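Taking it in order: structure first as structure tokens, then the write-up.
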Amino acid sequence: MGTVSESSTFGFGRRETLHLKRKSYIALLLVVPVLLSVWAFYPSTSSPGGRVQAMSDFEAMTGADDRDSYDHYLKRYSSEERPDQVIRIEGESFADHDGDGFQVVDRYEGESGKAVITPETGTIGWDVQVNRPGLYNVRIHYFPMEGKSSAIERQFAINGEVPFKGAAIVSFDRVWGNRDEQIHRDDRGNDLRPRQVEKAAWQIASFQDSEGYYDEPYSFYFGRGSNRLTLTSLREPMVIDYIELYQEQAPKSYAEVSNEYEAKGLKPAKDQYILIQAEEAKLKSSPTLYPLSDRSSPSVMPYDVSKLRINTIGGLNWKLPGQWIEWEFDVQEDGLYQIALKRKQDQLRGIYATRSLTIDGQYPFEELKRLRFDFNMDWQTDVLGDEQPYLFYLAKGKHRIRMEVALGEIAPLLRTIESSVLQLNEMYRKILVITSNTPDTYRDYQLEKRIPDMIEVFLQQADTIQRVADYLEQSTGERSDKVAVLHTMVRQLREMAAEPETVAGRLNSFKVNIGGLGTWMLTVREQPLTLDYLVISSPDKKLPQAKATFGQKLKHELGSLVSSYTEDYDSIGNTASKQRSITVWITTGRDQAQVLKSLIDETFTPDTNISVKLRLVPANILLPATLANEGPDVAMQIGEETPVNYAMRKAAADLSIFPDYKEVVSRFRESALKPYEYNGGLYALPEQQTFPMLFYRKDILKELKLTPPETWQDVNNLISVLQKRNMAFYLPIDMLPNSTFAMLLFQNGGEFYRDGDSRSALDSEVSMNAFKTWTQFYTNYKFPLTADFPNRFRTGEMPLGIADYTTYNTLSVLAPEIKGLWDFTVVPGTVTPDGAVNHTVPSHTTGVMMLQNADDKESAWEFMKWWTDKETQVAFGREMEGLMGEAARYPTANIEALEQLPWPIRDYNNLNHQWKWVKGIPQVPGGYFTGRHLDNAFRKVVNNGENPREALSDYILYINDEIKIKRKEFNLGVRADANGSEASDQP
3 MGTVSESSTF GFGRRETLHL KRKSYIALLL VVPVLLSVWA FYPSTSSPGG RVQAMSDFEA
63 MTGADDRDSY DHYLKRYSSE ERPDQVIRIE GESFADHDGD GFQVVDRYEG ESGKAVITPE
123 TGTIGWDVQV NRPGLYNVRI HYFPMEGKSS AIERQFAING EVPFKGAAIV SFDRVWGNRD
183 EQIHRDDRGN DLRPRQVEKA AWQIASFQDS EGYYDEPYSF YFGRGSNRLT LTSLREPMVI
243 DYIELYQEQA PKSYAEVSNE YEAKGLKPAK DQYILIQAEE AKLKSSPTLY PLSDRSSPSV
303 MPYDVSKLRI NTIGGLNWKL PGQWIEWEFD VQEDGLYQIA LKRKQDQLRG IYATRSLTID
363 GQYPFEELKR LRFDFNMDWQ TDVLGDEQPY LFYLAKGKHR IRMEVALGEI APLLRTIESS
423 VLQLNEMYRK ILVITSNTPD TYRDYQLEKR IPDMIEVFLQ QADTIQRVAD YLEQSTGERS
483 DKVAVLHTMV RQLREMAAEP ETVAGRLNSF KVNIGGLGTW MLTVREQPLT LDYLVISSPD
543 KKLPQAKATF GQKLKHELGS LVSSYTEDYD SIGNTASKQR SITVWITTGR DQAQVLKSLI
603 DETFTPDTNI SVKLRLVPAN ILLPATLANE GPDVAMQIGE ETPVNYAMRK AAADLSIFPD
663 YKEVVSRFRE SALKPYEYNG GLYALPEQQT FPMLFYRKDI LKELKLTPPE TWQDVNNLIS
723 VLQKRNMAFY LPIDMLPNST FAMLLFQNGG EFYRDGDSRS ALDSEVSMNA FKTWTQFYTN
783 YKFPLTADFP NRFRTGEMPL GIADYTTYNT LSVLAPEIKG LWDFTVVPGT VTPDGAVNHT
843 VPSHTTGVMM LQNADDKESA WEFMKWWTDK ETQVAFGREM EGLMGEAARY PTANIEALEQ
903 LPWPIRDYNN LNHQWKWVKG IPQVPGGYFT GRHLDNAFRK VVNNGENPRE ALSDYILYIN
963 DEIKIKRKEF NLGVRADANG SEASDQP
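Here this note's numbering is used: the sequence shown runs in plain steps of one and ends on residue 989.
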């Protein structure tokens with residue numbers, strides 16, 4: 003019988019042991035990175051929790067000459083009384099009105115008595131008798147009528163005058179909430195973000211600063227006798243029940259309230275515990291405050307390692323002063339309770355977020371007007387009051403708790419820096435007048451003599467900004483990047499004051515540092531805070547742990563690693579197919595894709611029974627996918643040059659074959675359709691359309707005694723005035739074909755192509771003159787070839803300029819210091835022989851295209867019709883603005899939809915006026931050479947000094963050659979022109 007030798011047994015065991023060791027090493031290699039990531043993302047140290055700031059307030063330092071400011075207004079009436087009385091003015095008792103749509107209604111939306119409807123345009127006034135003159139606060143009882151989903155804005159005047167700058171725009175909130183009580187899930191088990199809808203209700207609101215610079219409502223002086231109050235509509239309609247003059251009562255301190263508790267014998271409640279999931283907020287002030295999904299920690303509730311769970315609220319969406327979130331809860335017994343928040347403030351290092359808190363519409367005590375939450379990367383549980391928690395008396399029954407973004411101690415700092423920015427910008431412009439924006443660094447301009455107050459302003463502003471930096475460092479206990487910008491500005495100002503001969507050489511860095519102060523204001527003004535849950539409990543109850551344990555973190559990281567291979571994160575929303583199904587690709591961002599998929603699942607699929615598989619893909623993948631026959635049925639948000647290029651190659655479907663084609667295209671202006679027309683067909687529908695507008699600084703033009711130019715001759719006239727002060731007029735040169743040239747060409751009756759778009763028309767006399775005029779702005783007037791227009795517009799260096807109308811969104815969000823100091827209007831035009839002014843401009847579009855290889859073209863067409871319809875475009879535009887703020891205002895190509903987006907009525911009228919003058923540029927075979935060689939000719943003239951006519955004529959030959967080559971390639975035919983050379987035939 004054979005036996006197993008000892009040596010063979012030993013050899014087998016050694017191999018097995020080595021195999022086990024290798025597996026152990028592999029496992030260790032997998033676990034170590036996970037452990038390192040756990041350590042990296044969950045540091046062991048953390049900063050202290052939130053607290054109430056105990057330092058004395060910083061006293062704002064603003065310019066003495068800012069006579070339109072609220073600070074100056076208060077100083078002017080500082081000695082006046084504050085009569086303790088309430089004067090009510092009934093809405094329906096108005097004295098007069100200017101405009102249509104004002105109407106008295108009875109029992110509106112359940113409110114007893116009469117009220118007055120005020121539309122989104124017009125002015126209404128009331129007479130009020132004041133027997134005791136003095137300073138009064140003003141509040142209004144109003145109902146937000148259905149409008150464009152934006153905040154209501156009114157201008158407030160007393161006796162025909164706006165009392166101060168802040169009263170020029172007074173905002174009143176709409177109220178929003180989740181459309182559905184329950185969170186729904188897609189067919190893959192992920193929570194879907196609940197859609198936000200307006201929950202219109204009667205509200206009472208005080209007239210206060212919408213920027214959050216002042217804690218208290220505005221105070222207005224009313225003289226003895228009859229006073230006329232006037233409200234001018236700026237945006238959105240509302241119903242007014244009454245307006246009251248009253249005195250805002252300051253809340254008591256917690257010490258006083260605590261003594262009252264003791265005097266009344268109030269005791270802490272026993273064994274009471276109410277946990278409110280923050281994402282289940284009842285009401286919000288903005289649709290941007292939708293619930294969020296947070297997967298940063300396994301401690302959030304609810305939690306899933308791989309699926310998306312809606313479990314928090316706030317974050318970067320809850321950051322602007324005045325935004326509030328409200329929760330409802332039910333108390334089971336009377337008593338004193340404590341309030342705790344599980345929160346994360348991981349955005350503001352070196353500064354803190356501030357919130358105010360009210361219960362049932364009232365501040366329980368003074369300290370709750372400024373709750374401070376310091377920086378910490380991890381989740382924390384903050385009990386209000388810290389070591390000695392605040393106690394709140396709550397009676398049995400339902401209550402509402404509201405938290406609102408407040409600036410608190412930061413407000414006077416911001417007012418100070420805003421004033422400094424305006425004064426430093428003014429000084430920069432004074433220096434610019436003498437030195438130009440390209441000063442000779444070796445020349446002493448003797449600026450200290452020519453601008454006598456320059457050194458004084460430098461030193462004064464250096465001291466002011468230093469005080470702000472010192473206060474921030476003292477209040478936060480650290481010197482962070484938030485104060486580095488301030489110290490840089492202080493250092494430069496003091497150096498320039500000590501060595502004024504160096505100012506000219508530092509001018510560019512001076513401008514950059516002023517811009518840095520403006521950016522600092524934006525950063526510090528934003529106060530993000532994320533909440534997981536709130537706990538209202540009796541003091542004897544133990545609170546849940548905010549931070550995850552090490553074991554939970556390890557399990558979370560391992561689970562996340564595995565799920566990254568098993569979960570499909572490219573597909574958006576539901577992916578199950580119905581009998582009719584199409585694939586749609588979108589190339590923008592996940593936020594846009596999620597909003598679109600939500601609209602598809604809510605309206606398109608239920609109405610048509612067509613399922614849509616929406617995929618988020620890179621922009622450059624469409625061409626290779628189409629060549630491989632792996633492309634979508636519909637491609638969205640593509641550039642205007644793509645559809646015709648695909649149509650030439652028979653890769654795009656002709657939409658004009660559908661019977662309701664004419665009805666659908668009537669939604670758009672002809673200018674938006676032009677780039678998608680080819681060979682008698684239409685190969686895309688426009689989604690977005692943008693075009694140039696003229697932006698101008700009202701304050702600087704007033705200072706220079708100028709008005710916005712109506713014609714190009716007016717532009718020529720004001721250029722000399724601007725250049726005497728070393729200011730500039732901005733013209734865009736980044737688009738191909740250039741929009742300035744296109745304006746001049748179209749306004750004089752020129753075209754880009756002729757002979758059925760088969761030849762370039764740039765050899766016409768009109769085109770040659772337009773090209774010469776365009777280049778002369780840069781050769782004769784020395785316009786800059788490159789410029790950061792929004793920033794130069796902020797500083798006043800470029801007080802006028804032509805730019806895409808979406809620049810409006812950028813300036814509204816990124817330049818708060820010049821709010822109300824700028825406007826936009828139609829571009830300068832050309833006077834026609836009959837005396838009229840032609841303001842024609844080109845446009846740029848994006849479109850939605852059906853691919854030729856779509857299996858179900860009828861279903862794809864249904865989707866395209868639904869997507870470009872007014873209701874869908876309005877819903878998408880409002881959702882995107884609600885999601886990402888005013889900077890994301892959607893430039894829809896649908897005529898009726900743009901009117902319904904939340905533009906102030908005056909701005910929309912300007913926009914619509916220009917839109918009527920828009921003309922589209924056709925896309926032709928080889929047309930890409932037009933913009934390219936037009937720019938080449940421009941560069942030759944401007945950089946090399948060539949003759950404009952000769953430079954353009956040379957490049958027109960290249961343009962025509964390329965058009966001819968492409969027309970041959972696509973069998974479009976050529977013919978001989980009058981000179982015997984080949985030219986393209988009209989197909």
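Yeah, the Cβ is synthetic: ideal placement off N, Cα and C, and Gly gets one too.
Fair warning: this is a prediction, and the values are worked out from it, not measured in the lab.
Where residue i falls: helix, strand or coil (DSSP)
{"i": "residue 973", "result": "coil"}
{"i": "residue 868", "result": "helix"}
{"i": "residue 876", "result": "helix"}
{"i": "residue 769", "result": "helix"}
{"i": "residue 40", "result": "Since pLDDT at residue 40 reaches only 40, below the 50 mark, its modelled position is unreliable, and the value read off the structure follows with that caveat. It is helical."}
{"i": "residue 670", "result": "coil"}
{"i": "residue 103", "result": "coil"}
{"i": "residue 313", "result": "strand"}
{"i": "residue 1", "result": "No statement about residue 1 is possible, as the shown extent of the chain runs from 3 to 989 and does not include it."}
{"i": "residue 377", "result": "coil"}
{"i": "residue 29", "result": "Reliability fails at residue 29, whose pLDDT of 42 lies under 50, so the model's placement of it is uncertain and the value that follows must be treated cautiously. Looking at residue 29 - three-state DSSP - the assignment turns out to be helix."}
{"i": "residue 526", "result": "helix"}
{"i": "residue 6", "result": "With a pLDDT of 35 at residue 6, under the threshold of 50, the modelled position of this residue cannot be trusted, and the question is left open."}
{"i": "residue 326", "result": "strand"}
{"i": "residue 46", "result": "Reliability fails at residue 46, whose pLDDT of 34 lies under 50, so the model's placement of it is uncertain and the value that follows must be treated cautiously. It is coil, neither helix nor strand."}
Residue i - containing alpha helix (DSSP H), residue span
{"i": "residue 494", "result": "483-500"}
{"i": "residue 222", "result": "Counting along the chain, residue 222 falls outside any alpha helix (DSSP H), though it belongs to the beta strand (DSSP E) covering 221-224."}
{"i": "residue 898", "result": "897-902"}
{"i": "residue 793", "result": "791-797"}
{"i": "residue 344", "result": "Per DSSP, residue 344 belongs to no alpha helix (DSSP H); it is in the beta strand (DSSP E), 337-347."}
{"i": "residue 141", "result": "That residue, residue 141, is in no alpha helix (DSSP H); its beta strand (DSSP E) goes 136-146."}
{"i": "residue 815", "result": "809-816"}
{"i": "residue 800", "result": "Per DSSP, residue 800 belongs to no alpha helix (DSSP H) and is neither H nor E."}
{"i": "residue 414", "result": "412-437"}
Member of the options whose CA lies at the smallest distance from the CA of residue i
{"i": "residue 438", "options": "414, 507, 470, 638", "result": "507"}
{"i": "residue 550", "options": "848, 268, 303", "result": "303"}
{"i": "residue 562", "options": "454, 385, 310", "result": "310"}
{"i": "residue 595", "options": "882, 652, 520, 274", "result": "882"}
{"i": "residue 672", "options": "684, 662, 661", "result": "684"}
{"i": "residue 412", "options": "746, 477, 926, 397", "result": "477"}
{"i": "residue 764", "options": "200, 959, 255", "result": "959"}
{"i": "residue 839", "options": "790, 888, 746", "result": "746"}
{"i": "residue 425", "options": "318, 652, 516, 706", "result": "516"}
{"i": "residue 291", "options": "76, 857, 178, 240", "result": "178"}
{"i": "residue 712", "options": "841, 659, 611", "result": "841"}
{"i": "residue 243", "options": "343, 112, 466, 587", "result": "112"}
{"i": "residue 251", "options": "364, 512, 108", "result": "364"}
{"i": "residue 509", "options": "639, 797, 628", "result": "797"}
{"i": "residue 96", "options": "107, 88, 118", "result": "118"}
{"i": "residue 854", "options": "651, 235, 300", "result": "651"}
Bridge-paired residues (DSSP) for residue i
{"i": "residue 116", "result": "108"}
{"i": "residue 127", "result": "98, 232"}
{"i": "residue 1005", "result": "No statement about residue 1005 is possible, as the shown extent of the chain runs from 3 to 989 and does not include it."}
First and last residue of the uninterrupted beta strand (DSSP E) at residue i
{"i": "residue 616", "result": "612-618"}
{"i": "residue 386", "result": "It is not in any beta strand (DSSP E) - residue 386 carries neither H nor E in the DSSP assignment."}
Are the stretch 343-350 and the stretch 373-391 in contact at 8 Å, needing three or more beta carbon pairs? They touch, by the three-pair rule.
Validate contact between the stretch 119-136 and the stretch 229-240 using beta carbons, cut 8 Å, 3 pairs: At 8 Å Cβ cutoff, the stretches touch.
Using 8 Å as the cut-off, can you tell me whether the stretch 159-169 makes contact with the stretch 258-269, which would need three or more C-beta pairs spanning the two stretches below that distance? Because the criterion of three Cβ pairs below 8 Å is not met, the stretch 159-169 and the stretch 258-269 do not touch.
Assess contact between the stretch 243-250 and the stretch 132-148, defined as three or more Cβ pairs (one per stretch) separated by less than 8 Å. Is contact present? The stretch 243-250, when compared against the stretch 132-148, does touch it at the 8 Å Cβ threshold.
Whether or not the stretch 552-560 and the stretch 830-845 are in contact is what I'm after, with contact meaning three or more pairs of Cβ atoms, one per stretch, closer than 8 Å; do they touch? Cβ pair count under 8 Å is below three, so no.
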